[in-house]
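Here the sequence shown is numbered in the numbering used here, starting from 2 and rising by one per residue.
Backbone N, C-alpha and C fix where the C-beta goes; we use that ideal spot for every residue, glycine too.
As the structure is a computational prediction, the values presented were derived from the model and not from experiment.
This report concerns only the one structure given below.
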Amino acid sequence: MSNIVKVLGLFGSPRKGGNTDLLLAEALKGAAAAGATVEEIHLSDCKITPCLGCLGCFKGGACVIADEMQGIYPRLLNADIVILASPIFFYGVTGWAKAMVDRIQALWARKYVLHDPELGKEGVKRRGFFISVGGTKGQRMFEGAVLTVKYFFDAFNADYAGELLFRQVDASGDILKNPEALPQAFAAGGKLVSDLRNTKFGGSHG
Ligand SMILES: Cc1cc2nc3c(=O)[nH]c(=O)nc-3n(C[C@H](O)[C@H](O)[C@H](O)COP(=O)(O)O)c2cc1C
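Have a look at this one:
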């Protein structure tokens, strides 16, 4: 078995080079510096149809919709660590991210309806991490999104390993006004990789 840690970054904002893009790019740099292989998916570049609720996935665990989500399922399942970044849009994740989240129903069906052992207690374990920002001070700003993301991760056996959440970050690039934010993201990416390596590979090199 390869002991290379594979990290997948999911960019959920439609604003290129915006706040969550900057944070996730930095987290992925941290992961790469810690020796991981890193892949990116920019969700607003993907054509992902929202879930139709047809429950076609309950039969064989595959989604019936033929679109770019079909290429995302195997990438999620192939990753050891998935980092999702989305700004808060109306107290939730962006529509781009939510379309992907809802389509994860196919993996949820595999796990909870079809009892696929790969997604069971003895199956492959992954880790998930959430990065978000919102423009206001709202104390409850992240509650809805965090719940959504936790259940998204659970569907493909990714334990919620942590989060980086910033309030009062609104205009593109506002995150750069907080000198600690990007270093925190870099450190979080590196720590995710080293923590996983320590538990999965017993701290071996690679
Ligand atoms: C459609 C839309 C909805 C938003 N809803 C919220 C919200 O509910 N609460 C909040 O604090 N900020 C809200 N914002 C502000 C964004 O979270 C903020 O601009 C953020 O910095 C965007 O991140 P990005 O640069 O990664 O795209 C909203 C922005 C848009 C465009």
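Which residues DSSP lists as bridging residue i, in chain order
i, result
"Y161", "G129"
"K7", "T38"
"A86", "F12, I132"
"F167", "V134"
"G93", "F90"
Closest by C-alpha distance to residue i, when choosing among the options
i, options, result
"V39", "D81, T50, E181", "D81"
"G13", "A34, S45, I73, A172", "S45"
"A28", "H43, R141, L85, A186", "A186"
"F90", "G139, K126, F130, V6", "G139"
"A63", "K17, G135, R104, S87", "R104"
"G191", "K30, Y152, E164", "K30"
"A34", "I42, K7, H43", "K7"
"T50", "A37, K126, Q71", "Q71"
"I5", "K17, A37, G19, T137", "A37"
"L23", "E181, D160, F153", "E181"
Integer Cβ distance of residue i from residue j, believed to fall under 8 Å
i, j, result
"F167", "N179", "7 Å"
"E69", "K48", "5 Å"
"A32", "V150", "The Cβ separation is near 18 Å, so there is no contact."
"G10", "I66", "Contact flag wrong, Cβ pair sits at about 24 Å."
"F131", "V114", "Not really, about 26 Å apart at Cβ, beyond 8 Å."
Where residue i sits in the DSSP three-state scheme
i, result
"V114", "helix"
"A182", "helix"
"F143", "coil"
"G207", "The predicted model places G207 with a pLDDT of 41, which falls under 50 and marks its position as unreliable, so this point remains unresolved."
"M2", "Residue placement at M2 is flagged as unreliable, the pLDDT there being 48, under the threshold of 50; a coordinate-derived value is accordingly withheld."
Exercise for review: Would you check if the region 167-177 and the region 121-131 touch, i.e. whether three or more CB-CB distances between them fall below 8 Å?
Suggested key: no
Review point. Just checking, does the region 55-71 make contact with the region 104-113 on the three C-beta pairs under 8 Å criterion?
Key: yes
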